[in-house]
Each structure stands twice: as C-alpha cells, then as structure tokens.
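Chains as they are written, first to last, in my numbering: chain R, 1 to 228; chain D, 1 to 228; chain X, 1 to 228; chain E, 1 to 228; chain S, 1 to 228; chain C, 1 to 228.
Ideal Cβ positions, reconstructed from N, Cα and C, are used throughout, including at glycine.
6 protein chains.
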Amino acid sequence: MYEIGVVYRNLPRAEAAVADQLGAFGCATVHEAMGRTGLLAPYMRPVFPGARAWGTAVTVLLQPGDNWMLHVAAEQIRPGDVVVAAVTAPCTDGFFGELLATSFKARGARALVIDGGCRDVTALGALPFPVWSRAISARGTVKATLGSVNVPVVCAGALVHPGDVIVADADGVVCVPRLAAGRTLEAAARREANEADKRAQLAAGVLGLDMYKMREPLAAAGLRYIDG
Amino acid sequence: MYEIGVVYRNLPRAEAAVADQLGAFGCATVHEAMGRTGLLAPYMRPVFPGARAWGTAVTVLLQPGDNWMLHVAAEQIRPGDVVVAAVTAPCTDGFFGELLATSFKARGARALVIDGGCRDVTALGALPFPVWSRAISARGTVKATLGSVNVPVVCAGALVHPGDVIVADADGVVCVPRLAAGRTLEAAARREANEADKRAQLAAGVLGLDMYKMREPLAAAGLRYIDG
Amino acid sequence: MYEIGVVYRNLPRAEAAVADQLGAFGCATVHEAMGRTGLLAPYMRPVFPGARAWGTAVTVLLQPGDNWMLHVAAEQIRPGDVVVAAVTAPCTDGFFGELLATSFKARGARALVIDGGCRDVTALGALPFPVWSRAISARGTVKATLGSVNVPVVCAGALVHPGDVIVADADGVVCVPRLAAGRTLEAAARREANEADKRAQLAAGVLGLDMYKMREPLAAAGLRYIDG
Amino acid sequence: MYEIGVVYRNLPRAEAAVADQLGAFGCATVHEAMGRTGLLAPYMRPVFPGARAWGTAVTVLLQPGDNWMLHVAAEQIRPGDVVVAAVTAPCTDGFFGELLATSFKARGARALVIDGGCRDVTALGALPFPVWSRAISARGTVKATLGSVNVPVVCAGALVHPGDVIVADADGVVCVPRLAAGRTLEAAARREANEADKRAQLAAGVLGLDMYKMREPLAAAGLRYIDG
Amino acid sequence: MYEIGVVYRNLPRAEAAVADQLGAFGCATVHEAMGRTGLLAPYMRPVFPGARAWGTAVTVLLQPGDNWMLHVAAEQIRPGDVVVAAVTAPCTDGFFGELLATSFKARGARALVIDGGCRDVTALGALPFPVWSRAISARGTVKATLGSVNVPVVCAGALVHPGDVIVADADGVVCVPRLAAGRTLEAAARREANEADKRAQLAAGVLGLDMYKMREPLAAAGLRYIDG
Amino acid sequence: MYEIGVVYRNLPRAEAAVADQLGAFGCATVHEAMGRTGLLAPYMRPVFPGARAWGTAVTVLLQPGDNWMLHVAAEQIRPGDVVVAAVTAPCTDGFFGELLATSFKARGARALVIDGGCRDVTALGALPFPVWSRAISARGTVKATLGSVNVPVVCAGALVHPGDVIVADADGVVCVPRLAAGRTLEAAARREANEADKRAQLAAGVLGLDMYKMREPLAAAGLRYIDG
C-alpha cells in the first residue's frame, strides 16, 4: 500500500564515490554482482542511443496521466541523483519532456528512469538528459492528483528505495540497495578482475568448454556427441 | 462500417501553409494545442532515426497482407501529402518498401504512416522517405483484395479523414482535422510563445513549483513534507 | 518433441558460395524468392543499427535462463556459420554477451540469432558481432541444464535445421533450407533482375497502376472512382 | 480530434425493430453481412458466460481513470440502448461496477461495451447486466475530467456513432451504422436462409469441397495431392 | 535486491478476524478503502470460476521454471494463510498443480496467488483449491535453485510482505499491509454502509447526476448540452 | 520453408489405442513424460469450459485470413483425428465456426487445435466440438490462397507432424511424435503409478520436504532458516 501525499526530505543516500564506481562497471556486471537480482524489467529502454548514467535514487510515485509530483520531486534533487518514477497503474503517457529535463538537469539530476512514457526525445538527446522509459509518447499529462516523493516504489517490477544506487545503460537499469552498495562494489570488482584474461583467451580461440572446465560436468549430465 | 472498393478523388486538403506551420511545432506541441486529442497510439514508431514529416492526409484502407490499394493511392498523391494507411485487421506484414517509396516520393508524398509493417528500411533511410509503422517486417504482401482510398479511417486508434493535417516526429504522430487546423495553429503558437522564457528560468534553477505557483494547490490537496 | 542432451557434429552445410550470394540479396528478397515462407517473427530485431549478416546455421536448443549449450555450440562453429538459438520456453534473459561473442567470433561465427535476450550490446556493436534477438536484458543466466546442438529447432516461429542458410538484416531474419538454397538463389536473382528498371520508371513518376497493368483487374474487382 | 465537454441529446437511433432482428442473427452473421467490417477488436470479451445483447448505441468518451461521463451518459439512455464507451488512452481501470449497472438497467440500457476495465463482475452476472470489456480490474476511478456523450468514438478500433446498432455475444461485438442497418438486415437474412440446408448436408458427411464446388478452383490454383 | 536462500519463520500475521472481515467486503471495496492502492495487476485471474479467498500472506520468491521453494513454503503455512508467490523473472510455467494443492490445503492454506503459471486446473476446481495466476500452463518445473520464503516480494507489480492480508475474488487480488488492516477495515465498513441506500435509489431510476449532486460541478467544468 | 499447395494423403498415424491411453493421462502428465517438451504455447486455450480431447494429427497450413485449406483438410480426416492448423503469419481471424465443425465432426474428427481465431463458440459448445485457439473472433475469412495439408507445421511454437498424437485439456495442448508415442505412454504410466500414494500422504499433512527428501539438498544449497 503506497503512502500517498507525502514528500520525504533529506533522506540518506548511498555514498557518491561508491555509486560512481558501481556506475563504471555497468548494469550487467552490477546485476551479476548482486546475485542476479535488482534488475528492472527489460521493457525499460533508453530514449536515445548511447545513454549511460548512474547515481542515487530520488523516488517519485505518479498517478496515471499526471506529472504533478515530478515538479515536487525537482526540489528534492541533489547533484548526483537519478530520479526513479513509478506509476500507480500502467500508463504510457508522456509524463516528462524538455522543460522538466531542463529543470532536473539544473538541479543536478543525471537521469530519469520512468515506468511510463516520455516525450521531446530529440530535445532530450540534444541536452543531453538521459531517460529510460517504457514508452515514447507525445500524449501530455495533467497536474491534478497527489502522489508521493521518496517513498519506496515498485518501478518496472523492482523495488526501489530513496537513496539506492541506480546504474543504467544500453543493457537496462539495475537498483542496488543503499546498504548493499559497498559489498556489491566489491563483488563487481572481483568479477571484473579476471575478465581481461578470459577475453584474451577466448579471442585466441580457446573454448569456454576448456577454459571453464565444462567437459566433465557436461558428460556427467549425460551430453552425447553424434557424428552427422 | 468501412466503405470498400471506393476511391475518392480531388478532396479538399487543409491549407499547405497551415500544415507547414503546424509541422514546425512538432507532434507534442500540436497534440497539446488540440486539447490532448488526435494522437495515434505510441506503438507507431519511425523506421529510421531523425525522421520528421508533416503534410495533408491521403488515406488508404488496406486488407491484411494485401498492399494493392497503396498502388491505387499513389495516383491520388499531390505534393505535400502524407499517406495514412489503416488495415481492416491487425497485421504486421511489410506492406511497403523501397519501390513504393520511390513512387510515392516521385508523386510528391512526404511520408507514410501505416498501421502495419514496413520493409527495406535501410533503403528508406537512404532515399530518405520517412515512414511511421507498427512493425518492421520482411514479410511480403499480395495484390488481390480491394480496400479504399480517401475514406475516413481508424489508424492506430485515431480517426483520420482525407485532407487532415498529419504531424509526425520522434515523439509520435498526430492528426489535426482539416477544419480545426487554423485554430489549432493559433493554440500551438500561443503555447510556444512563452516556452523560451520558461526554459531559461528552469535552466537557471528556478523550480516549476515556484514558476507555476504550485505550492499552494499542493498544500490544499494535502501534500505533507516529512524530514527523513 | 525436442531431442535433449545431444550434439550433432560435422553435419553438412549449404554451400558457402550460395549462402554468400543469398546474403547479398538481403532478407526481404530472399523471403520473396522462397514463396513468402521461412521468415522468423518480426520481434527479432538487430541489437545495433546497421547489422547485416548471413551464413550457415549451427542450431542450439537452450533451456530458459541457461546458456550452457552456447558454450557447447562454440566448438561446433566453422567459419561462415551463424548460430541460431531457440529456447524451450519464452525467456528474455541475457543469454549472450561480450565474452561469448569474442569466442564465437574467434571461431569464425558471423552472427547470432537468438529467440531470447542478449546483453553487453554496446560492446557487441564495437566488436562488431551482430546479434538478432527478441530482447535486450542484463539479466544473467546459469549453466546447469542440458539442451542440444544441431538438432532442428523452432526459432521465433520458424523451423531451422542445421546447415540451412540464414540471411539477416534490418528487415528481419529468414531461413533457407539447405536443399532449397540453390533454387532460392535462382528465384532471388530473377526477382532482382528487373528491379532497377522498375525503380527508374517509378522514380520518373510512372504509376505502379500502369507499370504493373493493374487498372483492368482493379476495375474487374469493382473499384469505383468518385470525385469529392 | 474528439470534441470534449459536450453531450448530444435526442439523437436519432436506428429503428428498434431492425436492431432486434439484427441482434437475433448474432455478431458473426451480422459482421459477414456488412462485408466483414464493423467488428471491434477481439480483445473485447464478455465479463460473464452466456452474455448476449443488442441495441442502439449511446456513445461515451471517457478520460483514463475517470468514469464521470458514465454518470452523465445514464441520463441519455433510452430503453433498448447499449452504452458504448471509449477512452482517450488505453486504460484497464474498473470504470464500471454494480452501482452504475443498477442505474443503467433502471434507465433501460441493455448492456455496456467499454474499451477499458470493469469490476463487480460477479454482481453483474447476478443482475444480470452484460458487459463487454478489455479487462476486469478492481482498480477504481475518479470523477474529475470531462469527456463527452454521443460524439462519434473509436472503440476497440471501430468507429461507433450514436444511434448505430450494436450486436454483442460470445464471438465479439459488431457495430452497424444506423443508415446501413436496413440493408445489413437484408444481407444477414439472405446469408442465413440456406444455412440450415448446408448444415444438414455437412452433418450427413458431404464435403464442403463438393458442396461449395471447390475442387476445380483448387486444382486451378495448383493444389497437388500426393499419397504418403 | 531480494534476499535469496532464506526462510523466515514465525512472523507475525494480521489478525485472523480482521482478515476475515476484510475478505467479506471483497477486492474492489478493500482496494477503494486503501485509497486505491495495493492492487495486483489485472492479468492475475482466478483459474476456475467462482473462486474467492482471503487470508494472511506467506510469501515465496521463486526462480523461473523452478518450484522448489513452494515445497519449502508448505511447512510455513498456518491455517488461514494465503500463499503469495513471486518469480524473479517473468515465467508462465506451471509451478503449481494438484499435488502441491493437496499439500497446501492439508496445511490449512486457503489459496495461492502466483505471478507465474499453474496447471491441473480441473483438479484444482474439484478440490477446490483457489488459485490466482498470470497463466495456465502444463509446462513443468524443476527443483534446483534456491529462492526465499517470507521475504517481502513484488508480485504482479504490488509489494507484499509476509503477514499482510490478501483478498482475492473475480475482480482481482488486493494486498493490505498488516499494520494497515485495522484502519482499512474501518474505511471499508464506512464505504459499504450507505451502498444499499444508493443501490435502491439507482434501481428506482434516480440518476447518479442527482444523487451525487454532479450537475453543478459538471457545469462548472464547462459541460455543454446540445440537442441533436 | 513450408511446402505450399500440397496435400499428403494416407499418411501413417500413431496407433489409436496408444493415442487413447495417452489422452487418458492428460496434457500435463504426457508433457512430463516427454521430458518437458512438445507443449504448445499457453496462449492456446479451450473455447468452452470442460473441453478435453485427444487423437492423431491431421495438419493444416493456412494463410492469414483464409480458411480454404480447412475444407481441403476435411476430406483427409479419419475417425479419431484431431486437426492441427498453423497459419503462416499471426492472425486472430475466425477461421472456423459451426458449419466446419459440423463437417469435421461428421468425418470423425474429435477436435481442432488452431493457432488463429475461432467463432460460433456457443454453437461449438452445444455440438459439442472442442477447439483450442489463440483467439475468439467473429471476423470471417476468405477462400482464395493455397496452403497445405499434412505437411509438418509449427503450431503455437511447437513442431507437429501429421500422425503425431495430440492431447488437449484445460491445461493446454501437447504433441507426441508418432514414433515416440509408445515410449511416452510407458513413461506416463510410470509417472502416474505412485501418484495416488503421494496424494494420500500429502493430504494427510506429510510435507513434500520429507516425502521427497529435500531437506538435505536444500541445506547443501545453503538454505537458512531465521526466526522472525
């Protein structure tokens, strides 16, 4: 049950340095480092190519067809934040466009992740202000009904708390809980440590079958080879 | 009930100058100027990046898997037209490709909006001939069953009459009824008049909360602030 | 009923020269040359713009959320192959990313066609290693359950046998059965032979109505013209 | 472009006797009699089994998440009407439930066709008051924004004018324009006239191939028989 | 980020009496009483007609294609519980069938709500054991990967904590947080108190326009009446 | 690549006795007995409640919006057959209704499985003639373009050969290859042999955790219990 009509202020954020290091790893690596959890649904796509962003979450709960709370959220943005907007029912309307992007950017926001629609996408690419959304739609919204800011929200199937770390790129959007950011960073670093070596071996033609020593478990599982 | 097997010729079009001015405003502004009506469903997407077009509608009613009437429509195109094609049942087949685009372009068409599929999209980008469609599909079509040209059609959920103004860009496609084009243009112009000023204020860090004087109505609606 | 836990080796492939000539025609022309069959569902999209590839199929049957068999398939790749991966139930997980692409490319694969998800799409574009997939998702997979390699698979609604020719571009993906490759090539060549002439006529403003002699059959079908 | 904020009163309806006779034929036959046009999208389903209704349309244009205009429409209902509600953007909210059904029924309405959601479906079945909707959802709506009553609407992809005949059953919903109702009735009657004879022949084992004399056209089209 | 591999035991539940009283109001009324929040997505449907259930939530987090944790959850069921199962990625497999239903029922569970598939639906109707699911599918699952029991889960877009009250019927499924159950019950009771009177008025032909005193606000909003 | 314009006659069928015994086990059990393969996509649903059927497949390949080949297929039906119809592109049109059902039933067909739409569903329930389809739609079809009968088809994602065994019920539709029917029957029988005992234990309150000896592997996988 969402709390409606409330704005939480001055909530703690994950450490900026940790958020930045997680961002450098990218969405896929961070998602793996979290034990394959925290990913938003893959229908969330960047609205222009090359978009990549990370930061700490300011959450917004919107009503369908109503973007009033995005204006309320703007005041709560601090440099380094990523705004994460959920909607109380599925809606593809264009809640966000060039003017709000100009405002959000001026307040220090790095990106918007919205489980709804977005418009003015050409202008967003020119600013640039990266957005991940479920739809692109010119359909406008009203400013009539309260939602909330900085309550926990379910965005594209994932639970996001204010202050969590958001990492978004061409592969999708992942949310790292604030209190798990440090250990996720360590896990991501461990994961990447030997990637370069693996990549070199594979590029040289070594098979994953051998590099990962899969032949024995495959045989144990019953894999049979038949010559055609 | 669609009228099948009919081609209306020499129907009146919205004024070319009005269509061009509406086009310059773009889909989102025009849609707002119409009181947030007239928008085609957001599944209609440009088949190559950067596509932007506007003009007066030549409408086509197609049967699923059959592009015969697009050839019939070609003859009715006048310079400045945008062809708007509906299908009598949902179908993602590739009704339109490079050859038809070459023909449409030679007749003066500026774009195609089709509630079906499209193919040869690389060639369309090279011509260029912009297309907004619900799908990209190589699946070809036959030429066997009659539809109609220049009857009113429901395209992607919107009613389009021949001669209406179509404005299409990265945000979507909007249809302005011919007789409403003039007053929609005025409304769009009014809307844009003070956008530059608003953008400058927001870029300077002024909040929409203050610029739009939202604090009072938000409080009246019951919004509460809680420090975290 | 799929055969599970089997790898067929050294199966015959369509002739490389025939595959290459088919590839040059592109997906739409080849699909037409096959009598409008063989096309994969249009939800299969390239993960980066400009992707185009063709070759002979190595097929893989995956279990949902499990990419083990892609490693097994790597060993069966020969230069000029395109890997075609089906999944036993719909799944958008990111089965394939940069490391596997490095390995596949080193083995001579030209592309992957996967009825599932794909990740590291920025890196795939940089390699480049073209992929057609039903989704982009950072969500990772495990290596726990057997599937098969080089069994016939249903991929995005189309039946693909190992050794068939795959042609993929911006319009989609088509599969040409190995034994039909030769006659499909002839049909494609015949189809393209007079395209240049047609294109020139249409560019000069000649109507398809006249070029294709459609006026008589349209009248016979009952088409009526009414002046508006 | 929808006209917003308007209620048309006392519009002409199709003749009640014609509507009732069309209703007796059922949705599939009427749709055929109209040359296979006029059908609403097949996602429109009855909310309880056995629902069947027909009558003259009172149209309603709703805003997403807002059922205010259904109350306005209630006053315009006359005995024998079917209310047809469109929404300006896709929305599955439960716009309609037991109380409105009680009111509509008391005013003489026979059914609701709504391109949105519906709730209290158990109570609707008990009244009974038949509803065809795109969704069932408990999610409630507000009464805040104007739409219109008795303007032409696009409902589930079909254009419906006030006064048109609506026929709905387990196969779907079809709309017959008021002025076409008479000739559609004749066509439906002709179509049904020899159905009983055909049914008897087929039940006796006569093949459609012979009854419809299809063997020659099939052979002409090139059909070949091969013994397995 | 979900906690994986954990089973919480002996968590507090909402009061049984409160849950039962909420259940008697039904999903739509409870959802309204919560300020229109807490509803699961409308794709969650009962697998047999007439299903209706309520109780306190035991939550389960499943991996796609794996029902191991449903067996783990069975031990945590107490009489009066409703099991609520989320999956870490969308999956329509048949996680649950007759045998598990027999076990759940024997342990005192009243229903299952699962954001995945279900099978043996004829047998479930015969037991009866009500299930709300996103799909019906015969496709079976394995028992190989850990999830969790009694962690907070996102099920069909709604956040569910163990011990919350679940109310499910033909209109959908709603979740009432444990600590909000009491005040939600009061709100639901207030809401229903004057329903009977309203129903009687509407049945007598009184218009909602008058009963709810809507004529003035409608006029204030600009509604115009035009005689046709 | 489908073979178009061909009818194979007198193909071998799976043994009738084996098909009947498989049918008695039902879709879920047979699917398990096949190693969890052979299932059609879960969007295939019975058009009336209680439908259950099995038999040997006569396959039909249809063109979208065209049911000509269903008439051709009728002649190839033998008592005990189930007609399985695929379409060369997604289409929800109503290919099949009461007249064809009367004909199919007279020829001895037991059911239709169609990856398209169906109509006259009330009449189908009255005959009864069970149908599993992807949609219900009144939209009619033409008889204009050749497909094939008794070629291998991909229906709802599954490969079906003529003569295979089809088992369909409320849980879905499964296809057993003709040559695998015998060993699938044995596997199904083994699977069911101890179901009664398991059901009795679970009904008595024994946990699956104990009955299936899962506690040890769960602990080995790392499952932890925490008291709340």
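Cβ-based neighbour list, residue i, same chain, cut-off 8 Å, excluding 5 preceding and 5 following
{"i": "E:T88", "result": "Y2, L61, L62, Q63, P64 and G147"}
{"i": "S:A51", "result": "A111, P128, P130, V131, W132, A168, D169 and A170"}
{"i": "E:L202", "result": "G208 and M211"}
{"i": "C:T92", "result": "G116, G117, R134, A135, S137 and R139"}
Residue i burial status per 10 Å Cβ neighbour count (16 or more: buried)
{"i": "X:Y212", "result": "exposed"}
{"i": "R:G228", "result": "exposed"}
{"i": "R:P231", "result": "Absent from the model: residue 231 of chain R. The displayed extent of chain R is 1 to 228, so no value can be given."}
{"i": "C:A101", "result": "buried"}
{"i": "C:P177", "result": "buried"}
{"i": "E:R134", "result": "buried"}
{"i": "E:G157", "result": "buried"}
{"i": "R:R36", "result": "buried"}
{"i": "D:E195", "result": "exposed"}
Proximity test, Cβ basis, 9 Å: residue i and chain D
{"i": "C:A144", "result": "yes"}
{"i": "E:A158", "result": "yes"}
Under 9 Å between C-beta atoms of residue i and residue j
{"i": "D:V58", "j": "D:C118", "result": "no"}
{"i": "D:V142", "j": "D:D66", "result": "yes"}
{"i": "X:V6", "j": "R:I226", "result": "yes"}
{"i": "S:Q21", "j": "S:L179", "result": "no"}
{"i": "R:L70", "j": "R:G163", "result": "no"}
{"i": "E:R199", "j": "C:L99", "result": "yes"}
{"i": "R:R183", "j": "R:T29", "result": "no"}
6 Å Cβ shell around residue i - same chain, five flanking residues per side excluded
{"i": "R:F25", "result": "A188"}
{"i": "S:G222", "result": "none"}
{"i": "E:A181", "result": "A14, V18 and V165"}
{"i": "D:T145", "result": "Q63 and D66"}
{"i": "X:G23", "result": "W54 and V167"}
Close-in-space but distant-in-sequence residues of the same chain around residue i (CB under 7 Å, 5 per side omitted)
{"i": "D:A73", "result": "V58, V60, V83 and V149"}
{"i": "E:G172", "result": "C27, L39, L40, P42 and M44"}
{"i": "D:G108", "result": "I77, R78, P79, G80 and D81"}
{"i": "X:L105", "result": "For clarity, residue 105 of chain X is Lys in the given sequence; the question names Leu instead. L127 and F129."}
{"i": "E:E32", "result": "R191"}
{"i": "D:S103", "result": "A74"}
Closer than 9 Å to chain E by CB, residue i
{"i": "D:I114", "result": "no"}
Minimum Cβ-Cβ distance from residue i to chain C less than 9 Å
{"i": "E:V47", "result": "no"}
{"i": "X:T56", "result": "no"}
Residue-level contact to chain S via CB, residue i, 9 Å cutoff
{"i": "E:R119", "result": "yes"}
{"i": "C:R134", "result": "no"}
Residues sharing a beta bridge with residue i, DSSP
{"i": "C:V47", "result": "Paired residue(s): none; C:V47 is not in a bridge."}
{"i": "S:D66", "result": "S:Q63 and S:V142"}
{"i": "E:R224", "result": "C:V6"}
{"i": "X:A188", "result": "Note: X:A188 sits in no beta bridge, so no partner."}
{"i": "S:V174", "result": "S:L39 and S:V167"}
{"i": "S:C118", "result": "S:I136"}
{"i": "C:V82", "result": "C:A57 and C:A111"}
Residues that residue i contacts on chain B, provided the C-beta gap is smaller than 8 Å
{"i": "X:I226", "result": "No chain B is present in this structure, whose protein chains are R, D, X, E, S and C."}
Min CB distance residue i to chain R below 9 Å
{"i": "S:V154", "result": "yes"}
The ligand ADP heavy atom lying under 8 Å from the CB of residue i
{"i": "D:G140", "result": "This structure lacks the ligand ADP; in fact it carries no ligand of any kind."}
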